[in-house]
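Everything below concerns the one structure shown next.
There are 2 protein chains.
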Amino acid sequence: MSQEADALRAWLGLLKASNSLKKSVDTNFRSDFGLSISRFDVLAALDRAPETGFRAGELSQLLMVTEGNTTQVTAPLIRDGLVKRTKADDDGRVAYFRLTSKGRKVFDRMAAQNRRHISNALADLSSEDLTTLRNILGKIRVPIRDSVVRKDAA
Amino acid sequence: MSQEADALRAWLGLLKASNSLKKSVDTNFRSDFGLSISRFDVLAALDRAPETGFRAGELSQLLMVTEGNTTQVTAPLIRDGLVKRTKADDDGRVAYFRLTSKGRKVFDRMAAQNRRHISNALADLSSEDLTTLRNILGKIRVPIRDSVVRKDAA
DNA sequence: TATAAATACTTTAGTATTAAAATAAAAGCT
DNA sequence: AGCTTTTATTTTAATACTAAAGTATTTATA
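Each protein sequence line maps, in turn, to chains R and L. Going by the numbering used here, the first residue of the first sequence is number -9, and it counts up by one from there. Going by the numbering used here, the first residue of the second sequence is number -9, and it counts up by one from there.
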């Protein structure tokens, strides 16, 4: 029965570790590049896109955010010339997003700094720790919400 | 040198696990109690407060958020009668926050559901996994930002 | 081929958050 | 007692996010 308590403690530890490291990454990005971690995430996703870029929907799925969020987070990146938004010529509804060369340059510098930052934060973890961590995290099963209102409760 | 890559992968796994479980907890809280995870966090902190409650500053520290945030997150809880805000009578600047009995009742139900939810999400982790996870997470050292502008750079 | 339905995205309204400015009260000089 | 500084909290302006409503555009169908 103490499994509940142990699980809860582990979860709180997970949340705390992730929050504080994330906050530190964000602070660094903001002061060194004037960009938030969310904007960095967009650049990182687009860096792996094909020539044509990603559609808004694809980008949202990769970033695990709503499409409305994608529209908004990309806006300042477009304004600042790091991302280019193009309308598909075969379907007027579709928008493609891709990195500009300026965007790629900025991303490369941010990514390099981020690798160092994270590597430093995890320096006390052995190579085995890193593997173990990933394995354990992989065992977490996020509960699917089952209480979705059934329209036809026949 | 591939430590950097391994560390980065572990970090991304950590972020993903924590984000998705947090989102699922939040979704449950909202649909079952109409409260966000942030508001639950306030109730949880106040549940452990002494009779007098916590001051705004103490609460902020515990929650690891700014005082401005505390003012705002508590506002709707006060409006809805789950939290009581009292001015200290010996120091006009200080505000104390504590749970009302209604607040405590709501918290108890939320906490119970949360324990089940988390326990379920971590059901595949052995008792040893839970310990190992906490140990590994404890090895993470969040980098202190050293670039603070020194006013007297003599 | 006109209209209905579906799709792709953007906009809007609201919550959560921070940093910085504003407010108010207490404490420390002189 | 009257300034000045410090302390405690709130308010304001801005970013990030979601859900739901709105806008086009395309596809299906009668």
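For each residue, glycine too, the CB sits at the ideal point set by N, CA and C. Predicted, not measured: the structure shown is a model, and the values here were computed from it.
The alpha-carbon of Arg69 of chain L is positioned some 34 Å away from that of Ala7 of chain L. Between Phe87 of chain L and Leu49 of chain L, the gap from beta carbon to beta carbon is short of 7 Å.
Lys74 of chain L has L:Arg88 as its beta-bridge partners, per DSSP.
Cα atoms of Ser91 of chain R and Arg75 of chain R: separation of roughly 14 Å, rounded to the nearest angstrom. Counting along the chain, the unbroken alpha helix (DSSP H) around Ile27 of chain L starts and ends at Ile27 to Asp37. Taking CB atoms only, Ile126 of chain R has a neighbour in chain L less than 7 Å away. Listed along chain R are Ala(-3), Trp1, Ile130, Arg131, Val132 and Pro133, each with a C-beta nearer than 9 Å to that of Ala111 of chain L. In the structure shown, the three-state DSSP call for Arg45 of chain R is strand. Close to Ile108 of chain R, with beta-carbon spacing below 8 Å, are these residues of chain L in chain order: Glu(-6), Ala(-3), Leu(-2) and Trp1.
Shown here, Val55 of chain L sits in coil according to DSSP, grouped into three states, outside any helix or strand. Contacts with chain R at 7 Å (Cβ-Cβ) include Arg105 of chain L. By the C-beta criterion, the segment 14 to 34 of chain R is judged to be in contact with the segment 100 to 116 of chain R, since at least 3 inter-stretch pairs fall below 8 Å. Ser(-8) of chain R sits in coil when the DSSP states are folded into three classes, being neither helix nor strand.
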